[in-house]
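The structure appears right after this line, and notes come after that.
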Amino acid sequence: MSSIDFTDRVAVVTGAGGGLGRTYALELARRGCKVVVNDPGVSRDGTGGDSAPADQVVAEIRAAGGEAVASHDGVETEAGGQAIVATAMDTWGRLDVLIHNAGILRDRSFAKMGAEDWKAVLAVHLDGGFNVCNPAFKVMKAAGYGRILMTTSVSGLFGNFGQASYGAAKMGLVGLMNVLTIEGKKYDIKVNGLSPTAHTRMTGDLKREGLPDVSRDTGHVTAAAVYMVSEACQDTGVIIHAGHGFYGRIQVAHNDGVFLGREPTTVENFAENWDRITEFDNVETKPTLQAYMGLVYEKSAR
Ligand SMILES: NC(=O)c1ccc[n+]([C@@H]2O[C@H](COP(=O)([O-])OP(=O)(O)OC[C@H]3O[C@@H](n4cnc5c(N)ncnc54)[C@H](O)[C@@H]3O)[C@@H](O)[C@H]2O)c1
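The C-terminal residue of the sequence shown carries number 328 in this note's numbering, and the numbering is unbroken.
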């Protein structure tokens, strides 16, 4: 395969002052990409702020001969998202790549979760997805090229105790990815999802039994992220799980379904058919809304 090169490309990486985002920014820059290193330098729960993390990553990139500029705006506001994209446009006049990686955690079991924590987590991950993708998508649409990577998580894709806000936000980004995948097709904007696992500030003190030692190396995730925002990646709407040297695909699937008759069925009949309705032996692994609704209409027309 030809080398994955980003010469003349411009990228925004949100939350790039530390953890996974930092390694994405460094690797993109090493491959010739000009990078907006976005990070307000908040703590793990989103409080506080410090310009040093983003500035340090910029200094690291420049010291290695690359080009980068810092952005200390937060993705949680519309103005912040616009300012992040404007930094790329004002500095280099283009934007080819967006990795929405910024994230915070406020884990609590649901009964103990207050609205403030819920809203703060959704604001960074999900609203942040809108705030930064919306101006970026407009630029990419006008240019007829773009690569967007959403950071999702197994906590949302499968569920995880204590992570209602985080899981909901991460699954919300999958919905955003699915729609932007469709809307971006005409303009060569590929939108994919990445579900990482790595030992970072976010996960460092979480109890993770059986986690392999290699989890400390974020490079396992970086390779996937950088490929998925390269021109070489021609797929769109794909969610990759990456971590510890493992790589795999995760996606929504549906079964064949059951037609229960022309008249609205009774609750009892629905209950009696529950096992048939929920069986998952015959699974469609490449679903689209159109194909699924086609199946629904086809079965209903029988
Ligand atoms: N590490 C894992 O195992 C893991 C697993 C699943 C998903 N993720 C996701 O990967 C991404 C990176 O996480 P990480 O593990 O590197 O954690 P991290 O805490 O090291 O990095 C997150 C970065 O996001 C920044 N950030 C927070 N709020 C922001 C805001 N409003 N605007 C811009 N930046 C903001 C933080 O300052 C921080 O530098 C996150 O989206 C996280 O949810 C990580």
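Even glycine gets a Cβ: it sits at the ideal position worked out from N, Cα and C.
Any contact of the stretch 41-49 with the stretch 214-226, i.e. 3+ C-beta pairs under 8 Å? yes
Going by C-alpha distance, which of Gly-154, Leu-220, Val-165 and Glu-310 is nearest Asn-64? Numbered from 1 along the sequence shown, position 38 holds the residue referred to as residue 64. Comparing Cα positions, the closest option is Gly-154.
With a CB to CB cut of under 6 Å and the five nearest residues on each side skipped, what residues in its chain are close to Val-62? For the purposes of this step, residue 62 is taken as residue 36 along the sequence shown, with counting starting at 1. The answer, listed in chain order, is Val-38, Val-95, Ser-97, Thr-113 and Ala-114.
Val-68 beta carbon near ligand 2 (any heavy atom closer than 7 Å): Summarising the ligand content, the structure contains ligand 1 and does not contain ligand 2.
Please determine if the stretch 269-287 and the stretch 310-317 are in contact, where contact requires at least 3 C-beta pairs separated by less than 8 Å. Cβ pair count under 8 Å is three or more, so yes.
Pick helix, strand or coil for Val-284, following the three-state DSSP scheme. By one-based count along the sequence shown, residue 284 stands at place 258. Note: Val-284 maps to coil in three-state DSSP.
Please return the same chain residues whose Cβ sits closer than 6 Å to the Cβ of Val-36, not counting the five positions on each side in sequence. Numbered from its first residue, the sequence shown carries residue 36 at position 10. Correct list, in chain order: Lys-60, Ala-114, Trp-118, Arg-120, Leu-121 and Asp-122.
Run the proximity test for Leu-54: is its beta-carbon closer than 7 Å to any non-hydrogen atom belonging to ligand 1? Locating residue 54 in the sequence shown gives position 28, where the first residue counts as 1. Not under cutoff, so the answer is no.
Secondary structure at Ile-30, three-state DSSP: helix, strand or coil? Counted from its first residue, the sequence shown places residue 30 at position 4. Looking at Ile-30 - three-state DSSP - the assignment turns out to be coil, as it is neither helix nor strand.
With 16 other CB atoms within 10 Å as the buried threshold, where does Tyr-192 fall? For the purposes of this step, residue 192 is taken as residue 166 along the sequence shown, with counting starting at 1. Buried, since its Cβ has 16 or more Cβ neighbours within 10 Å.
Please classify Glu-102 as buried or exposed, where buried requires at least 16 other C-beta atoms within 10 Å of its C-beta. Taking the sequence shown and counting its residues from 1, one reaches residue 102 at position 76. Buried, since its Cβ has 16 or more Cβ neighbours within 10 Å.
Reduced DSSP secondary structure (H/G/I, E/B, other) of Arg-132: On the sequence shown, residue 132 is found 106 positions in, with the first residue counted as 1. Three-state DSSP puts Arg-132 in coil, outside helix and strand.
Assign Lys-216 to one of three DSSP states: helix, strand, or coil. Residue 216 sits at position 190 when you count from the first residue of the sequence shown. Strand, per DSSP.
DSSP three-state label for Tyr-171, please. Residue mapping note: residue 171 aligns to position 145 of the sequence shown, counting from 1. Coil, per DSSP.
N- and C-terminal bounds of the alpha helix (DSSP H) containing Phe-296: As a working mapping, residue 296 is identified with position 270 in the sequence shown. 293-298 is the extent of the alpha helix (DSSP H) around Phe-296.
Completely contained beta strand (DSSP E) runs for the stretch 27-72, where each covers 3 or more residues: 36-40 and 60-64
Using beta-carbon positions only, say whether Val-158 and Ile-110 come within less than 8 Å of one another. Position 132 of the sequence shown holds residue 158. Position 84 of the sequence shown holds residue 110. Contact: yes.
Short of 6 Å in beta carbon distance, which residues of its chain neighbour Asn-218, apart from the five on each side in sequence? Order them along the chain. Walking along the sequence shown from the start, residue 218 turns up at place 192. Contacts found: Leu-175, Met-254 and Val-264.
Should Lys-164 go down as buried or exposed, given a rule of 16 or more other Cβ atoms within 10 Å for buried? Here the question's residue 164 lines up with position 138 in the sequence shown. Here Lys-164 is exposed: its Cβ has fewer than 16 other Cβ atoms, across all protein chains shown, within 10 Å.
Please report how far the alpha carbon of Val-83 lies from the alpha carbon of Gly-185, in whole angstroms. One-based indexing of the sequence shown puts residue 83 at position 57. One-based indexing of the sequence shown puts residue 185 at position 159. Approximately 33 Å between the Cα atoms of the pair.
Under a three-way DSSP split, which group does Glu-79 fall into? On the sequence shown, position 53 is the one that residue 79 refers to. A quick correction: the sequence has Pro, not Glu, at residue 79. Three-state DSSP puts Pro-79 in a helix.
Is the stretch 126-145 touching the stretch 84-92, taking contact as three or more C-beta pairs under 8 Å? no
How many angstroms separate the CA atom of Arg-57 from the CA atom of Thr-304? By one-based count along the sequence shown, residue 57 stands at place 31. By one-based count along the sequence shown, residue 304 stands at place 278. Near 47 Å, if we compare the C-alpha coordinates of Thr-304 and Arg-57.
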